[in-house]
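One structure is given here, and the rest of the page talks about it.
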Ligand SMILES: *[C@@H]1O[C@H](CO)[C@@H](O)[C@H](O)[C@H]1NC(C)=O
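Numbering (my numbering), first residue to last: 577 to 778.
As structure tokens, then:
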């Protein structure tokens, strides 16, 4: 379950403790992460470089102002699921995980989601949904390609102890089904306007 802890999360909370920074994120279902992301792509990592700034140049990205070291991963984008009609050639992230930086392996194909910064560059953080493409379930692959978008009007609500209140327009993400819902279910809006988990792949 360690990959889930690392990847299925969202909001980064910054904690400043005697100069040390730690990254922590609230758990998010990948569909919720998809719906909230500005960009979702499939890409292979082909290079990695520290970002070197010229004098007076500003750090690219919308990172927390405390982040001063950034890594640029060169990528070869092979698919776009969400975002502007352009091919991204690189993604930017903080240089260490304590600052919510992601660590991507060279030569590996990933699902990457993130936000556009002020320079229209793609920024990714530990709190975004990213995974090795080969580790994604069939439901997740179908989800980013098509299904997740169909449920973006629905709310996915964490439920850690029964009973949880539920409205018609939400899907409950219960702890005891967490991994299963994470990998194998999509929250779909039905024709009557209500929302429900769906686990079909076909
Ligand atoms: C990363 O992989 C690419 C090929 O996919 C290769 O050309 C490049 O030299 C590698 N870079 C590093 C830092 O290993």
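No residue lacks a Cβ here, since even glycine has one placed at the ideal position from N, Cα and C.
**Message:** For residue 577, which residues in the same chain have their Cβ closer than 6 angstroms to its Cβ, ignoring the five residues on either side in sequence?
**Reply:** Because residue 577 carries a pLDDT of 37, less than 50, the predicted location of this residue cannot be relied on, and the following value inherits that uncertainty. Counting only Cβ-Cβ distances below 6 angstroms, and skipping sequence neighbours, we find nothing.
**Message:** Between 762, 693 and 685, which has its C-alpha nearest residue 722's C-alpha?
**Reply:** Minimum Cα-Cα distance from residue 722 among the listed residues 762, 693 and 685 corresponds to 762.
**Asked** Three-state secondary structure (DSSP) at residue 674?
**Response** helix
**Cβ shell of residue 773 (< 8 angstroms), same chain only, five flanking positions each side left out** = Answer for residue 773: 747, 757, 761, 762, 763 and 764, listed in chain order.
**Item:** Other residues of its chain near residue 664: CB distance less than 6 angstroms, five sequence neighbours each side excluded
**Value:** Closer than 6 angstroms at the Cβ level, and outside the excluded window around residue 664, lie 653 and 698.
**Message:** Shorter than 7 angstroms, the distance from the beta carbon of residue 622 to the closest heavy atom of ligand 1, or not?
**Reply:** The answer is yes for residue 622.
**Prompt:** Helix, strand or coil: which one does DSSP assign to residue 656?
**Reply:** strand
**Three-state class that DSSP yields for residue 646 in the structure shown** = strand
**Euclidean distance between Cα positions of residue 656 and residue 707** = Rounded to whole angstroms, residue 656 to residue 707 spans 15 angstroms at the Cα level.
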